[in-house]
Amino acid sequence: MSALAQMHDQKQSIGFKRILIATDFSDASEHALAYAIAIARRYGSELSVVHAIPPEPRDRIPLEPLPRELNRRRLEAERQMKVIAEKARIEDLNHHLLLEQGRVWDVVASVMQSEEVDLLVLGTHGRGGLKKLALGSVAEEVLRLAPCPVLTVGPHAPRPGSNAIEFKRILFATDFGPACAKALPYALSLAEDNQAKLVLLHMVPPIPTPDLGPAAYGPSAYSAENFTNWQTTLRDESAKKLRKLIPCDARLAAKPECMTKTDFLPEGILDAAATLRIDLIVMGTNPTVAPRVAAHMPWAVAHEVICLAKCPVLTIGN
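Residue numbers (the working numbering): 114 to 431.
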């Protein structure tokens with residue numbers, strides 16, 4: 114089976130049957146919960162809401178777990194979970210409210226495995242990097258290790274109206290790497306499901322790297338004209354690659370737009386998303402970065418896009 118056929122089969126099978134949102138009961142988590150609920154209603158998904166109760170500090174003398182009626186952390190977590198469930202009005206959904214004690218990633222990973230989750234939702238405060246994600250400093254670990262797509266919702270993302278999700282303009286940012294190839298079927302499927310305009314974007318680095326352009330010979334070895342010609346050629350080649358990504362049987366409501374821009378990352382992605390009034394950014398994330406692709410889409414770029422985007426960001430790991 115060809116790679117294109119495999120991608121087509123994967124696209125057809127995409128669906129969010131089981132959604133997990135990890136909450137710390139903050140406003141950021143509540144904002145993200147609105148998206149999780151709207152998506153669950155759209156796809157008829159099961160929804161699990163999990164909170165990780167911090168583990169008790171270790172003591173030299175092993176102690177038995179506190180009885181529930183004396184465990185203040187658990188009692189408070191139960192109260193807050195009940196409050197958000199009542200505010201969210203999720204009685205009509207097949208949902209689970211889960212409280213587990215332990216490290217955030219350990220709890221999330223355990224629930225993802227037991228519930229067979231295919232979408233994880235997180236909220237972010239949108240400042241100070243991923244350490245300001247609603248889940249705290251371990252959120253980067255969650256994003257790196259999650260075996261399924263992760264939807265992050267920042268404070269600038271508009272709340273879904275009346276619990277209805279509308280992704281009318283979707284931006285797929287790609288560096289043509291393996292993670293982006295895995296992310297493309299999600300962008301196509303979501304565009305079809307939402308009858309959305311799909312924009313495919315590739316950023317051409319404004320400064321060539323030794324593996325990508327004339328800079329291999331040193332900055333003084335080529336003229337401005339040669340440099341401009343190199344950028345033009347690279348943009349043209351990238352545009353051809355973008356067009357080839359769209360399968361001939363794609364059921365898109367509008368003709369997809371293929372864009373190549375010369376800009377630094379992540380500014381170029383964020384600028385395109387703002388200019389085009391994008392409702393959802395879809396991108397692959399590469400946990401490690403080889404030097405030859407350092408100018409393209411390393412993990413650090415995903416950090417900045419997630420934290421600064423004015424719309425939700427769906428990331429799919431390699």
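Glycine residues also receive a C-beta, built at the ideal position from the N, C-alpha and C atoms.
Note on geometry: alpha-carbon atoms of Arg-202 and Lys-295 lie some 34 Å from one another.
Pro-298 counts as buried, since no fewer than 16 other beta carbons sit within 10 angstroms of its beta carbon. Exclusion of the five residues before and after Ile-134 leaves Ser-142, Ala-145, Leu-146, Ala-149, Leu-160, Ser-161, Val-162, Val-163, Leu-233, Val-234 and Leu-235 as the residues of its chain whose Cβ lies within less than 8 Å of its Cβ. Under the three-pair Cβ rule at 8 Å, the region 380–398 counts as touching the region 414–423. Per the coordinates, the alpha-carbon of Arg-257 lies some 15 Å from the alpha-carbon of Thr-237.
Every unbroken stretch of the alpha helix (DSSP H) spanning 4 or more residues and falling wholly within the region 331–372 is given here in chain order: 337–357. Beta-bridge analysis with DSSP links Thr-287 to no other residue. Counting every other CB atom within 10 Å of its CB across the protein chains shown gives His-269 a total below 16, marking it as exposed.
If you ignore the 5 residues before and after Glu-370, its C-beta comes within less than 6 Å of the C-beta of Val-312, all in its own chain and listed in chain order.
Taking a C-beta distance under 8 Å as the contact criterion, Lys-374 and Val-414 do not qualify as a contact pair. The residue among Arg-187, Lys-310, Cys-293 and Glu-229 with its C-alpha nearest the C-alpha of Lys-130 is Glu-229. Within the region 189–242, complete alpha helix (DSSP H) segments of at least 4 residues are found at 217–228, given in chain order. Between Met-396 and Thr-428, the CB-CB gap stays under 8 Å. Annotated as distal: Asp-392 and Arg-272, with beta-carbon spacing of 8 Å or more. As far as DSSP is concerned, Lys-281 takes part in no beta bridge. DSSP lists Ile-132 and His-208 as the bridge partner or partners of Leu-160. Ile-166 and Leu-355 have their C-alpha atoms roughly 45 Å apart.
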